[in-house]
Structures are given as structure tokens and as C-alpha cells.
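Quick notes on the structure that follows.
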Amino acid sequence: MKPLAQTIATAVVLIALAVTASSARQAAGLKVFLSVDMEGLAGVVTGSDVSPTGPDYAHFRAIMAGETNAAIEGAFLAGATDVLVRDSHGSKQNLLPGALDPRARLLRGASTGPKNMMEGIDASFAAAVFIGYHAKAGTPNAILEHTSNGNVQDFAINGVSLPEGGYNALVAGLYNVPVVFASGDRAVVEQLRGLLGPIGAVAVKEEIADASFGMSPKQAQDEIRKGVEAAVRARTAARPYKMPGPYTMVLRVRQERPLHPGATRTRPGESTFTHPDLLEILNAFNAMK
Ligand SMILES: [Zn+2]
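Residue numbers for the sequence shown follow this note's numbering, so the first one is 4 and each next one is one higher.
Below, the structure written as C-alpha cells:
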């Protein structure tokens with residue numbers, strides 16, 4: 004081949020390679036995972052606010068959809084091509100499908116298996132976001148603090164006491180997905196930043212003498228939209244939350260449940276279980292909590 008023809012041929016090959024790489028990235032897209040609980044929504048203060056039998060449940064259910072849609076909007080403004088929403092409260096049937104931004108897809112209803120509030124996550128996601136989250140059982144100055152259910156006093160893995168947002172972040176970390184943003188009360192924001200580092204966050208309310216003081220739903224939604232957009236844009240600076248295995252859990256409960264196979268009772272109300280697979284640890288937690 005003559006030099007000029009050779010140069011042109013090389014250029015054509017390089018352009019073709021660049022186009023292929025670019026379309027591969029576009030095909031992969033930018034997927035964002037949203038896990039949405041209720042206790043940390045704007046204005047929520049008692050269990051009846053987030054219980055289907057409570058007098059104001061319909062109102063807070065609409066606020067849940069509003070904060071979720073704000074997060075979806077923020078994700079799309081940051082370039083998301085696909086948003087999965089996991090309803091993460093109680094029966095997981097709080098978000099009404101017709102109330103959600105139609106660009107998102109909803110994972111609704113209780114699921115079997117260990118992922119629970121993180122069901123649907125895998126390595127195809129670039130970032131995870133927690134909306135409406137709450138602090139762990141026993142946290143002072145927190146609104147509706149608990150861990151999974153009212154029976155759990157403390158749940159620790161490898162010596163680290165974890166809120167729901169902590170072990171859910173570990174599940175995301177299994178797939179190298181960083182948690183980039185969380186909303187809830189001031190207590191959960193501080194707790195999650197203590198575990199996960201300086202993630203984006205909005206404290207929509209704070210506890211004052213067991214009461215809830217905070218933003219209007221509209222203001223909370225504006226802050227969540229802006230915060231999620233900024234956090235998803237900055238996602239490459241966020242680190243997935245990981246712990247080296249094997250994992251040893253220590254669970255303290257008020258009412259003892261039967262021991263999961265392989266678990267040991269260490270004292271009344273306390274059990275321990277060790278396994279190299281984090282999802283097996285969560286199976287044991289779910290069985291004994
Ligand atoms: Zn909840």
C-alpha cells in the first residue's frame with residue numbers, strides 16, 4: 004500500500020474503532036437504583052403515618068411518590084438512561100405505579116431472598132440512591148429509628164453496627180455500586196455519612212423532643228432533585244461500601260427466634276453466624292430477626 008492510502012486506511016480504522024466504543028457506552032447506558040423507604044419522608048413522625056391503616060397514610064403515600072419522582076428527575080438530569088425504583092417499606096406496596104414518573108421502572112411487592120430493600124440491584128448499575136431512610140434501632144434524636152423490624156436491638160457485621168442503609172450499601176458494594184445520595188432525618192444522614200463517607204444527602208427533618216421539625220414536602224423534593232442530580236454526576240468519586248470477608252454477624256433481639264442452621268446463641272437474645280457470602284449472612288439475619 005502507498006503511504007497516503009495507508010494513512011487513510013489507518014484513519015478509517017481508528018474512526019471505526021472510536022464509533023464502536025462510543026456506541027458500546029451508549030448501549031450500556033447509565034443505570035441508577037433507587038431504594039425508597041417511608042419513615043424518613045418529609046413530615047412523617049409516627050408509625051401510623053406509614054401504616055396502611057393510619058388516617059394520613061394516603062397523604063404520606065403521595066409524598067413518597069413526590070420524593071421518588073424528584074430523585075428520578077435528578078437522575079435523568081444527570082444523564083441516567085434507566086432508573087429502577089425499589090419500594091422498600093413494609094409490604095413494598097406503597098408506591099402506586101400510576102403515580103410514578105413513567106421513565107422509571109418500579110419493583111413492587113415483597114420479594115423472596117436476601118436482598119429485600121435492594122432487590123433488583125446488579126453490576127449493571129452505576130449508582131444507588133436511598134430516599135426516605137431512617138436511623139438504626141437505638142439511635143438518639145432520631146425519628147422512627149429501628150433496624151428492619153421492632154424486634155432487632157442491634158445488627159453488626161464484622162464489629163460494625165449497621166442501620167438498614169449500611170447493610171443495603173454492602174449489598175450494592177457486592178456489585179461495586181456506590182451509594183451516592185441519601186435522604187431522611189438528620190440522624191440517618193449523619194449515620195450514613197459516618198459509614199459511607201461524604202455522600203450527597205438531604206436532611207428533610209430533625210427530631211425535637213420526639214417530634215419532627217422540617218421542610219415542606221415541596222422544599223424537600225426540590226432539594227432531593229438537586230442533590231441527586233449532583234451526586235449522580237459526581238458518581239465516579241464515590242466508593243462502593245465493602246468489607247473483606249468472611250463475615251461474622253452479631254444479632255441482638257428482644258424476642259428470640261429459632262436459630263438459623265450454623266448460627267450460635269452467645270447469650271440470651273444474642274446470636275452469631277459466620278459465612279464467606281454476605282447474602283448468606285442476610286439470610287440468617289432475616290431468619291432470626
Ligand atoms: Zn420503612
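Note that CB positions come from ideal geometry on N, CA and C, so glycine has one too.
Computed from a prediction, not measured in an experiment: that's the story for all the values here.
If you scan the segment 215-287 from start to end, which runs of the alpha helix (DSSP H) of 4 or more residues do you find wholly inside it? 220-236
Grouping DSSP H, G and I as helix and E and B as strand, with all else coil, what is Ile211? strand
For Asp104, collect the residues of the same chain with a Cβ closer than 6 Å to its Cβ; drop the 5 residues on either side in sequence, then sort them by chain order. Asn72 and Ile75
Should Gly203 and Gly230 be called a contact, given that it needs their Cβ atoms to be closer than 9 Å? yes
For the beta strand (DSSP E) that Arg89 lies in, which residues bound it at each end? Asp85 to Asp90
How is Gly203 classed by DSSP in three states: helix, strand or coil? strand
Where DSSP assigns a beta bridge to Ala159, which residues make up the other side? Ser164 and Val253
Along the beta strand (DSSP E) that carries Arg108, what are the first and last residues, could you check? Ala107 to Leu110
Any non-hydrogen atom of ligand 1 within 8 Å of Ser38 CB: no
Contact set for Arg228: own chain, Cβ-Cβ below 6 Å, skip 5 residues either direction: Ala73, Glu76 and Gly77
Using beta-carbon positions only, say whether Gly322 and Lys245 come within less than 9 Å of one another. Nothing about residue 322 can be read from this structure; the chain reaches only from 4 to 292.
Classify Lys139 as buried or exposed, calling it buried when 16 or more other Cβ atoms lie within 10 Å of its own Cβ. buried
Near Arg255, which residues of its chain fall below 7 Å by C-beta distance, leaving aside the five closest residues on each side in sequence? Gln156, Asp157, Gly272 and Glu273
Whole angstroms is fine: what's the gap from Val163's alpha carbon to Ser91's? 23 Å
Stretch pair the segment 213-222 + the segment 231-242: three plus CB contacts closer than 8 Å: no
Is the separation between the beta-carbon of Arg111 and that of Phe36 shorter than 9 Å? no
Applying the 10 Å Cβ sphere with the 16-neighbour rule, what's the burial state of Glu259? exposed
Helix, strand or coil at Lys292 according to DSSP, with G and I counted as helix: coil
To test your reading of the DSSP string, which unbroken alpha helix (DSSP H) runs of 4 or more residues are found completely within the segment 55-85? 60-80
Spatial distance of Gly187 from Gly135 (CA atoms): 5 Å
Quick one: what does DSSP say Leu147 is sitting in, helix, strand or coil? coil
I'd like to confirm something about His137: is its beta-carbon nearer than 8 Å to some heavy atom of ligand 1, or not? yes
So, using beta-carbon positions, are Val191 and Ala130 closer together than 9 Å? no
DSSP state of Val192 mapped onto helix, strand, coil: helix
Would you say Gly93 touches ligand 1, meaning its beta carbon is less than 8 Å from a heavy atom? yes
Name the two residues that bound the continuous beta strand (DSSP E) containing Gly135. Ala130 to Tyr136
Run of the beta strand (DSSP E) containing Val35, from where it starts to where it stops: Lys34 to Val39
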